[in-house]
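Participant: Taking this note's numbering, the leading residue of the sequence shown gets 10, the next gets one more, and so forth.
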Amino acid sequence: MEQESKYQKIIEASLVLFADRGFDATTIPMIAEKADVGAGTIYRYFDSKEGLVNILFQDSVKHFKEKIEEGYPEDSAGIHEQFQHIFRCLYKFSQENIHALYFLEIDKTSHYLNETSRAVLNDLLDFIYLFFEKGKERGIIRSLPSHILSAMVFGSFVHIQKLVRAGEIEDPSGLMKEIEACSWHAIKHRG
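Have a look at this one:
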């Protein structure tokens, strides 16, 4: 039981530090101090800081993709309904652990990501980009490249959540319907 709690403390401390400071500015001694464990304890579970961040990254991305896939509306439901589902899952994911949201904005070319992490991210991106492609084919979503559409929606959402973490927005729940509507209108084809 104690081993599990040490592992969980390391995970939680790492999530917070990586989200607040970034990968390069976070050190193993910082994680150990925040987790209230010895640095050696971290190395019992993870071979390196890169190993730790890759585990966190993979878990976060997989969890988000599972959340989206659960109850995802069929094609017959329509592109707007699918967008609403994805956006609401993003919001729920951020509410469960706002620090894990950091891992959804990591660039797949980041020097510390391993091949497994890149494959997990590509799996998520394939899902998201397929949604955009279907919307473009039906003339519902703007004909911009999918990675730009994704940046417009997810980038703005992540920035809003950074404002929440910084205390500049106290409770975003009352704003989410309007933010969702603005995000939809940003990508919706106006034809």
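Ideal Cβ positions, reconstructed from N, Cα and C, are used throughout, including at glycine.
All figures in this text were calculated on a predicted structure; none of them were measured in a lab.
Are the Cβ atoms of F92 and K76 separated by less than 8 Å?
Facilitator: Taking 8 Å as the Cβ cut-off, F92 and K76 do not qualify as a contacting pair.
Participant: Quick one: is T36 buried, meaning 16 or more other Cβ sit within 10 Å of its Cβ, or exposed?
Facilitator: T36 is exposed by the Cβ-count criterion.
Participant: Tell me which residue opens and which closes the alpha helix (DSSP H) that R53 is part of.
Facilitator: R53 -> alpha helix (DSSP H) spans 48-54.
Participant: Here's a check: name, in chain order, each residue in its chain whose Cβ is nearer than 6 Å to the Cβ of V162, leaving out the five neighbours to either side.
Facilitator: Excluding residues within five positions, the ones whose Cβ falls inside 6 Å are S192.
Participant: So L202 is in the alpha helix (DSSP H); what residue range does that whole segment cover?
Facilitator: Outside the shown range of the chain, which is 10 to 200, sits residue 202, and nothing can be said about it.
Participant: Whole angstroms are fine: how far does the CA of N131 sit from the CA of Q67?
Facilitator: Computed Cα separation, rounded: 11 Å.
Participant: Using the rule of at least 16 other Cβ atoms within 10 Å of the residue's Cβ for burial, across every protein chain shown, is Q170 buried or exposed?
Facilitator: It counts as buried.
Participant: For M10, does the count of other Cβ atoms within 10 angstroms reach 16, so buried, or fall short, so exposed?
Facilitator: Any reading at M10 needs caution, since the residue's pLDDT is 45, under 50, leaving its predicted position unreliable; the model's value is listed next. With fewer than 16 Cβ atoms within 10 Å of its Cβ, M10 is classed as exposed.
Participant: By the three-class DSSP mapping on this structure, what secondary structure does K76 have?
Facilitator: Correct three-state label for K76: helix.
Participant: In terms of residue numbering, what span does the alpha helix (DSSP H) encompassing H120 cover?
Facilitator: Per DSSP, H120 belongs to no alpha helix (DSSP H) and is neither H nor E.
Participant: For Y3, tell me which candidate among Q17, I20, F27, K15 has the shortest Cα-Cα distance.
Facilitator: Summary: the structure shown does not reach residue 3, with the chain confined to residues 10 through 200, and so no result is reported for it.
Participant: Can you confirm whether the stretch 148-156 touches the stretch 108-125 when touching is taken to mean that 3 or more C-beta pairs between the two stretches lie within less than 8 Å?
Facilitator: With the cut-off at 8 Å, the stretch 108-125 and the stretch 148-156 do not touch.
Participant: Let me know if I157 comes out buried or exposed under the rule of 16 or more other beta-carbons within 10 Å of its beta-carbon.
Facilitator: Exposed is the call here.
Participant: By Cβ distance, which residues of its chain are closer than 6 Å to I137, with the 5 residues on each side in sequence left out?
Facilitator: These residues qualify, in order along the chain: S159.
Participant: Taking the Cβ atom as the reference point for each residue, do I64 and A44 lie within a distance shorter than 8 Å?
Facilitator: No. Outside cutoff.
Participant: Quick check: the Cα distance between M39 and K186, rounded to an integer number of angstroms?
Facilitator: Going by the C-alpha atoms only, they are around 38 Å apart.
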